[in-house]
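Protein sequence lines correspond, in order, to chains A and B.
Using the working numbering, the first residue of the first sequence is number 1, and each one after it goes up by one.
Using the working numbering, the first residue of the second sequence is number 1001, and each one after it goes up by one.
Number of protein chains: 2
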Amino acid sequence: MSDPASSDANHTTSIADDALVLFMPSGRRGNFPVGTPVLDAARSLGVYIESVCGGRGICGRCQVTVAEGQFAKHGITSSADHLAAFTDTEARYRSKRSLADDRRLSCSAKVTGDIVIDIPQDVQMQRQVVRKRAEYKRIDRDPAIRLHFVQVEEPDMEQPLGDLDRLLTALKTEWHLEHLQIETWLYPKVQSILRKGKWEVTAAVHTADGISTLIGLWPGFHDKFYGVAFDIGSTTIACHLSDMMSGRTIASSGTSNPQIRFGEDLMSRVSFVMMNPGGEEQLTKSVRDAIRSLIEKVCSEAGIDRHAILDSVFVGNPVMHHLFLGIDPTELGGAPFALAVSGALDFPARDLELDLHPGARTYILPCIAGHVGADAAAATLAEAPHKEEEYTLLVDVGTNAEIVLGNKDRIVAASSPTGPAFEGAEISCGQRAAPGAIERVRIDPETLETRIKVVGVDEWSDDPGFAEQIEAVGVTGVCGSGIIEVLGEMFLAGLIDEDGVVQGAMAEKSDRVIADGRTFSYILWRGAVELKITQTDVRSIQLAKAALYAGVKLLMDKLEISEIRKVKLAGAFGSYIDPKYAILIGLIPDCDLSKVSGVGNAAGTGARMALLNRVHRTEIETLVRRIEKIETALEPKFQEHFVNAMAFPNKVDAFPNLSEKVRLPERKQGSSGSENSSGGRRRRRSRS
Amino acid sequence: MSDPASSDANHTTSIADDALVLFMPSGRRGNFPVGTPVLDAARSLGVYIESVCGGRGICGRCQVTVAEGQFAKHGITSSADHLAAFTDTEARYRSKRSLADDRRLSCSAKVTGDIVIDIPQDVQMQRQVVRKRAEYKRIDRDPAIRLHFVQVEEPDMEQPLGDLDRLLTALKTEWHLEHLQIETWLYPKVQSILRKGKWEVTAAVHTADGISTLIGLWPGFHDKFYGVAFDIGSTTIACHLSDMMSGRTIASSGTSNPQIRFGEDLMSRVSFVMMNPGGEEQLTKSVRDAIRSLIEKVCSEAGIDRHAILDSVFVGNPVMHHLFLGIDPTELGGAPFALAVSGALDFPARDLELDLHPGARTYILPCIAGHVGADAAAATLAEAPHKEEEYTLLVDVGTNAEIVLGNKDRIVAASSPTGPAFEGAEISCGQRAAPGAIERVRIDPETLETRIKVVGVDEWSDDPGFAEQIEAVGVTGVCGSGIIEVLGEMFLAGLIDEDGVVQGAMAEKSDRVIADGRTFSYILWRGAVELKITQTDVRSIQLAKAALYAGVKLLMDKLEISEIRKVKLAGAFGSYIDPKYAILIGLIPDCDLSKVSGVGNAAGTGARMALLNRVHRTEIETLVRRIEKIETALEPKFQEHFVNAMAFPNKVDAFPNLSEKVRLPERKQGSSGSENSSGGRRRRRSRS
């Protein structure tokens, strides 16, 4: 009984050659020979635990705890004693850097019996918390670039391998990194780095497509590097700087896309290039300049050197994608809307002169189709309709609306030519969502008077504090969400009929309705500037919303479904829109209003996911190949859906969900959906 | 009997499901199902037949002929009828481009019976003929870069893959090229090239280390590209331009290494960098400038655009190698002579700003050790001692002598610190081998009068026409081979004794021997300039030749051999030296004089081999790992060998071969090799 092995047997459920190891929270488990380091067990099960120093007890990144007790479900009695005794390496780390009492270094701790290992959130998963309305978005880290600390043999005349060659030998021996590719710029730097680190260095290795490349080298132990994720919009460029070792976003910033001076919307920029051959170079330079400045801004905010950035991820719509890469976007300006390159790209960031670390990489998510870009791919990655049972509609409204609809079995995507009306362009009083823009509107159906809410002012216009606050910002225009609301309210108040005609007869009820040439307008606001909704404005929105609705309808046809259970509206516009009004004007199909949500900059979130985790890169690359692309221009039904969707809310649907919230005006005779072949077809399908 | 199959049986040895196919001149053979295209059979046997167009009958590069008749040794009766009938593709090629009557296109011709296929030299092997004294050096082509003609699907809205993505699909389908890496600069070019070629393009694909990269793209069918091979010497840079499709060298040129202004020899350039931190940038810039100019020169000579160059190979000694790559060579200036990088390198040529095709590659052969460079590796590749039964000594004499000794079983290499005496430096009347330099010398042992031969003059000095010719060039100095001869002749004439002392007593016999301070000199030539050999000159050569000999001796010790069967002297010096004098002064060990040869710029030949054939790249990479490196500074025996080798010819060897040619002066007492431990050791070994 004094034999340590038998005394050990007192408090273990099994002392055999093998021990059962269960990792939480992943739940992955496997049997391993007694004596296996916990880190090795994790790796062979595909459980990601970081280790920079390779078991030297320097980096402390591989910390774990033991969950003690009975785990009946798994048939394990786990105990901290089922790890071999605390090692000298761990003791050294504890004394130098502090290690909590319950923590072990998984590179050193060896299993001696059945055990449940917890990977602590703070150390291991380094989860990224993204505030998204009420829900948190977690991004697990598994970056495409990893750091590896190694000790390199000193040079020896007996065996005259070069310094770099001995470094490669060490990386092969200690980290099993074989056939490493070397970048030319490193050759002149290797010797001084090795000598400065006294033959101890940290190497950064990038892996993609089965090819591993040595992209960075620091003297001694080094455990810091950063990454940037960009969403290049036609209007705005957004940038997030991440600490790649913790996964935390340490700075974010945005700027206007300076390409605006070459054209407000995408097509005008394409036209600029068409009219000015070689003009893409100016557009490319301007967007890259803006990106370099944004990087400088987030780095200075976070107090880091931009050359510490090793990875960068970019998403954007196809035209932004091409211009960023220096590709002439002319082909995207007309059928067949051929992308120069659609697949995911992974190349050295220096090729775009981004002025990051000399070995830094750039990853660009795949484009889905000629009008459905890497931004839509990123939003899809972030919102993951492919992981849902229920059909989810994801809409990113910009100059074109990018629409993705699907569930775990099947996904379809399309782009609808909404034009820029939702962004406030083409609307007489339209503007971007900036202080002074009307974002919410209520119209009294009796008096036809308005109540408004303005960006930058907390109170509604009939609240007592409004007058005082509005002085600072003024009322300058109507932004996208405001336009949706004003049209919805005008429809409910009878100011427009279901065909979208502004009712001149209402002038009798209110002086806000005025004759405006051969049509009528409604005066939304009288102030320093008079803001009115004209017949042309209504038509613009009708065209835009009908295009979006028809696109969604086509995708529903493709999937042979008659209703959508969940709607996610991406982008700034989507975040502020009231679902009730979106359905009321017929922007999206009728749907349980509680299942319609704004998801903010989903494209930016997707870009950050690809930045922090290479598994997400593979995920979106595989998914995009699976997505069925619908070209609206090729679908004969599109025109029919479009025409039917021009009415308010449209001429087809019954709006069961919306009817619970608002009293819809009665339909005109002859407008009932039952006379419509599309409606008929839809009903047939819902029977099956 | 009218059945074609049975009539066929009349003149074939076997008509079965399989046919035996034998390729000449390689002799490779295999059985293939009837119907297999000859090209496919060749590929599966590793017989390299080029095909750019992939069997479309456009390129005509895969032509073969049938060797008809009985091949008893191989048990084959071969007939042109054992290929299926001439195809439409072949007929079209014949009508458009002409195809000799006996030629078939191996992509189209299918085997129907046993057959012997000849791969014609002119079409297939495109052998490179290099004049090398009396022997020809053949380089088979199998370049690391290949051209592939493909037809690409046009863009289609139904399946919106990018243009580049469809190109990759075509390369995968038609050429089995998977996981192709793409270079960033290509993205903006793909669309216009595809459209210009009407969806037919030729792609250049580079393969190394298992990674294939798309490095070039041309509209339509394209079957031309070029390569350059460089030998960067401390003194001279040599460049060869090759047509990569034929293997022919189409232009060659050379220039002085402009780094000379930073220091004549290697060590003075290393010192320059040591004294001027960052000075390597100037040295790197000057050598790259010279290389760019040489490329311009050979391209203009051959009438091609430098941007048509897709591949480049460089060799050089370690210091040249490092400076070319922009690496500070300081570490090479002192023990342990650590190379920054020793392995073979393969990277984009744009990284060195060579201004070639944007996708062009650079390959650099591996260095063997800190003093034995990529030039020695290239010379070894060219002279191939590793393919010989007999031990072969390969010596490249420069500022350091790089020495390789071995046979098919074992190879050793070292560098000996000869200093620049053999290049004419450190010799009072020394100069490079240029017009006016004495290259050959005879001294009458009775009168001590000289006969000389001068570079640029056909006659010896006692020929009638000499006086007239010499006027144009003058006699300006003595080059390396002349110095060897004059010392050998002085020794034979008794002007120096075996210890190298210039014999003042000889002044009695001739006024050419004069007192020169405390020592004596011999006047070699009296003309516009008086050229004399001083005691210091003799000592310089003694030190140099002893260093070389001692290095060779060490390698022989290592291999435990007592004689060398074949000696190859590389470099300009080696090409002009008379083997008899080389042995007479003890530069190299005694050897059958007919087995000593100059091999010219073997390093340059090796560079061209690596340029034209990737198999040679693998060959030298594997070989260099196998070569045993001897660091002379670490070997205790080196000093002993060195001291013994100071005498003329040396104090150890018996010179059986040399004794047949010249009568050697008797050795002084006490100088016999039998009293010398090294000699004793050698004899012990030769007994075993």
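Idealized CB from N, CA, C, for every residue including glycine.
- Contact between residue 1290 of chain B and residue 1257 of chain B is confirmed by a C-beta separation of about 7 angstroms, below the 8 angstroms threshold.
- For residue 1282 of chain B, the uninterrupted alpha helix (DSSP H) run begins and ends at 1280 to 1302, by DSSP.
- Taking residue 601 of chain A as the centre and dropping the five residues before and after it, the same chain places the C-beta of 231, 238, 570, 571, 572 closer than 8 angstroms to its C-beta, in chain order.
- Residue state for residue 451 of chain A is assigned as strand, using DSSP reduced to three classes.
- Closest option to residue 1501 of chain B, judged by alpha-carbon separation, among B:1459, B:1515, B:1510: B:1515.
- Assigned with DSSP and collapsed to three states, residue 1521 of chain B falls in strand.
- Residue pairing by DSSP places residue 1239 of chain B opposite B:1230, B:1253 in a beta bridge.
- Residue 1450 of chain B and residue 1524 of chain B have their alpha carbons spaced roughly 7 angstroms apart.
- Close CB contacts of residue 315 of chain A within its chain, under the 6 angstroms cut and outside five residues either way in sequence, are with 231, 365, 374, 375, 378, 603, 607 (chain order).
- For the region 1162 to 1177 of chain B, the beta-carbon criterion of a distance under 7 angstroms to any beta-carbon of chain A is satisfied by 1162, 1163, 1164, 1165.
- For residue 1554 of chain B, the CB contacts under 8 angstroms within the same chain, skipping 5 residues up- and downstream, are 1414, 1630, 1632, 1635, 1637, 1638, 1641 in chain order.
- Fewer than three Cβ pairs drawn from the region 183 to 192 of chain A and the region 1210 to 1229 of chain B lie within less than 8 angstroms of each other, which leaves the two stretches out of contact.
- In chain order, 325, 326, 327, 340, 341, 345 make up the part of chain A whose C-beta sits under 8 angstroms from the C-beta of residue 1187 of chain B.
- Residue environment: residue 50 of chain A is assigned as buried (16 or more neighbouring CB atoms within 10 Å of its CB, all protein chains considered).
- For the 8 angstroms CB-CB criterion, residue 1055 of chain B and residue 1204 of chain B do not form a contact.
- Along the region 367 to 395 of chain A, the positions whose C-beta sits under 9 angstroms from a C-beta of chain B are 367, 368, 369, 370, 371, 372, read in chain order.
- The contact set of residue 629 of chain A on chain B, defined by CB atoms closer than 9 angstroms, consists of 1157, 1158, 1159, 1160 in chain order.
- Under a 10 Å Cβ-count criterion, residue 69 of chain A is classified as exposed, with fewer than 16 other Cβ atoms of the shown protein chains found around its own Cβ.
- Taking the CA atoms as reference points, residue 1302 of chain B sits about 36 angstroms from residue 340 of chain A.
- Per DSSP, reduced to three states, the secondary structure at residue 646 of chain A is coil, with no helix or strand assignment.
- Residue pairing of residue 191 of chain A in beta bridges, as defined by DSSP: absent, with no partner found.
- With respect to chain A, the C-beta atom of residue 1179 of chain B has a partner C-beta closer than 8 angstroms.
- Per the coordinates, the alpha-carbon of residue 263 of chain A lies some 17 angstroms from the alpha-carbon of residue 427 of chain A.
- Per DSSP, reduced to three states, the secondary structure at residue 571 of chain A is helical.
- For the region 1203 to 1227 of chain B, the set of residues with a beta-carbon nearer than 8 angstroms to any beta-carbon of chain A comprises 1209, 1210, 1211, in chain order.
- When only Cα atoms are considered, residue 432 of chain A and residue 424 of chain A end up about 6 angstroms apart.
- Nearest neighbour of residue 200 of chain A by Cα position, chosen from A:191, A:208, A:206, turns out to be A:191.
- Where residue 530 of chain A is concerned, the enclosing beta strand (DSSP E) starts and stops at 530 to 533.
- When secondary structure is reduced to three states using DSSP, residue 1476 of chain B falls in the coil class, being assigned neither helix nor strand.
- Runs of alpha helix (DSSP H) with 4 or more residues, each lying fully within the region 335 to 422 of chain A, are found at 374 to 383, listed in chain order.
- Interface criterion met: the Cβ of residue 1337 of chain B is under 8 angstroms from a Cβ in chain A.
- Sorting A:220, A:362, A:618 by C-alpha distance to the C-alpha of residue 346 of chain A places A:362 at the top.
- By the rule that beta-carbons nearer than 8 angstroms mark a contact, residue 1404 of chain B does not touch chain A.
- The C-beta distance from residue 1566 of chain B to residue 1447 of chain B rounds to 38 angstroms, too long to meet the 8 angstroms contact threshold.
- Between residue 470 of chain A and residue 454 of chain A the beta-carbon gap is near 6 angstroms, inside 8 angstroms, which marks them as a contact.
- Residue 1099 of chain B and residue 1058 of chain B have their C-alpha atoms roughly 12 angstroms apart.
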